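Colleague: Starting off with a structure, shown below.
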Amino acid sequence: MAGLDSTTPLPTDIVLRTQSRVLEIAFDNGARYALPFEFLRVYSPSAEVRGHGAGQETLQTGKRNVLLQAVEPVGNYAVKLVFSDGHDSGLYSWDYLLMLGEQHDTLWQDYLDRLAAEHASRDIDTTTRPATGGSCGAGHKH
-6 MAGLDSTTPL PTDIVLRTQS RVLEIAFDNG ARYALPFEFL RVYSPSAEVR GHGAGQETLQ
54 TGKRNVLLQA VEPVGNYAVK LVFSDGHDSG LYSWDYLLML GEQHDTLWQD YLDRLAAEHA
114 SRDIDTTTRP ATGGSCGAGH KH
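Quick note on this note's numbering: the sequence shown kicks off at -6 and runs consecutively.
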């Protein structure tokens, strides 16, 4: 999370669209995005997905049918998204959501390319997760 400053556009509207399976978000700079649930899940800013540093990302698989069950505000800077697969540990800051919207097409193609390179599937979850009680020591929920 890059953090907010005085130039960070703020959301003016956030709408959960369960039928179309997108989170619609509008910003005060006029930008509007419809971010698919699967996209939001595979690009979660959580340590479980992103790791604790460059090169430690975990490719998320089997998320095609994931649902977004709740959008919970976190202060005046982010939302916590609760997904149907139990994932709820990422905080989506306004700047991160804006970046996801701006770079959606590039990020989505990168995700599809990584799936293909790993012979992985959007339909079958083969994600390798760290063993419970690992040496992270930071108290992160995995």
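Backbone N, C-alpha and C fix where the C-beta goes; we use that ideal spot for every residue, glycine too. Predicted model, so just to flag it, every value in this text is computed and none were measured.
1) Near D118, which residues of its chain fall below 6 angstroms by C-beta distance, leaving aside the five closest residues on each side in sequence?
2) Would a C-beta distance cut-off of 9 angstroms place L74 and Y89 closer than the cut-off?
3) Helix or strand or just coil, what does DSSP make of Q62?
4) Have a look at G127 and H45 and give me their C-alpha separation to the nearest angstrom.
5) Would you mind reading off the limits of the beta strand (DSSP E) that contains Y85?
6) Got a sec? Which residues, its chain only, sit under 6 angstroms from R115 by beta carbon, not counting five neighbours each side?
7) Assuming L60 contacts F30 under a Cβ cut-off of 8 angstroms, what Cβ separation, rounded to an integer in Å, is found between them?
8) Please classify S39 as buried or exposed, where buried requires at least 16 neighbouring CB atoms within 10 angstroms.
9) If you drop the 5 nearest sequence neighbours on each side, which residues of the same chain put their C-beta closer than 6 angstroms to that of Q25?
10) How many Å lie between G68 and Q96 at the Cα?
11) If we ignore side chains and look at the alpha-carbon of each, how far apart do A113 and Y104 end up?
12) Which of helix, strand or coil does DSSP assign to L93?
13) Could you check if S37 is buried or exposed, using at least 16 other CB atoms within 10 Å of its CB as the buried criterion?
14) Out of W87, F32, S82, point me to the one whose CA is closest to D21's CA.
15) From the DSSP output, in three-state form, read off T54 for me.
Modeller: On the basis of the coordinates in this document:
1) The residue given as residue 118 occupies position 125 in the sequence shown. Excluding sequence neighbours, D118 sits near T54, G55.
2) Working through the sequence shown from its first residue, we reach residue 74 at position 81. Working through the sequence shown from its first residue, we reach residue 89 at position 96. Cβ atoms of L74 and Y89: not closer than 9 angstroms.
3) Here residue 62 refers to the residue found at position 69 when the sequence shown is read from its first residue. Q62: strand per DSSP, three-state reduction.
4) As a position in the sequence shown, residue 127 is number 134, starting the count at 1. As a position in the sequence shown, residue 45 is number 52, starting the count at 1. Low local confidence applies: a pLDDT of 42 at G127 is under 50, so the model's placement there is unreliable, and no value is given.
5) Position 92 of the sequence shown, counting from 1, holds the residue named residue 85. From DSSP, the beta strand (DSSP E) with Y85 extends over 84 to 86.
6) Here residue 115 is taken as the residue at index 122 of the sequence shown, counted from 1. The answer, listed in chain order, is R57.
7) In the sequence shown, counting from the first residue as 1, residue 60 sits at position 67. In the sequence shown, counting from the first residue as 1, residue 30 sits at position 37. L60 to F30, Cβ: 6 angstroms. Contact.
8) Here residue 39 refers to the residue found at position 46 when the sequence shown is read from its first residue. With 16 or more Cβ atoms within 10 Å of its Cβ, S39 is classed as buried.
9) Residue mapping note: residue 25 aligns to position 32 of the sequence shown, counting from 1. The residue asked about is misnamed: residue 25 is Arg in this sequence, not Gln. Only A19 meet the Cβ criterion.
10) As a working mapping, residue 68 is identified with position 75 in the sequence shown. As a working mapping, residue 96 is identified with position 103 in the sequence shown. Rounded to whole angstroms, G68 to Q96 spans 25 angstroms at the Cα level.
11) Position 120 of the sequence shown holds residue 113. Position 111 of the sequence shown holds residue 104. Their Cα atoms are separated by approximately 11 angstroms.
12) As a position in the sequence shown, residue 93 is number 100, starting the count at 1. Here DSSP, grouped into helix, strand and coil, assigns L93 to helix.
13) The residue given as residue 37 occupies position 44 in the sequence shown. Around the beta carbon of S37, a 10 Å sphere encloses 16 or more other beta carbons of the protein chains shown; the residue is thus reported as buried.
14) One-based indexing of the sequence shown puts residue 21 at position 28. Of the candidates W87, F32, S82, the one whose C-alpha sits nearest the C-alpha of D21 is W87.
15) Here residue 54 refers to the residue found at position 61 when the sequence shown is read from its first residue. In this structure, T54 counts as coil in the three-state DSSP scheme.
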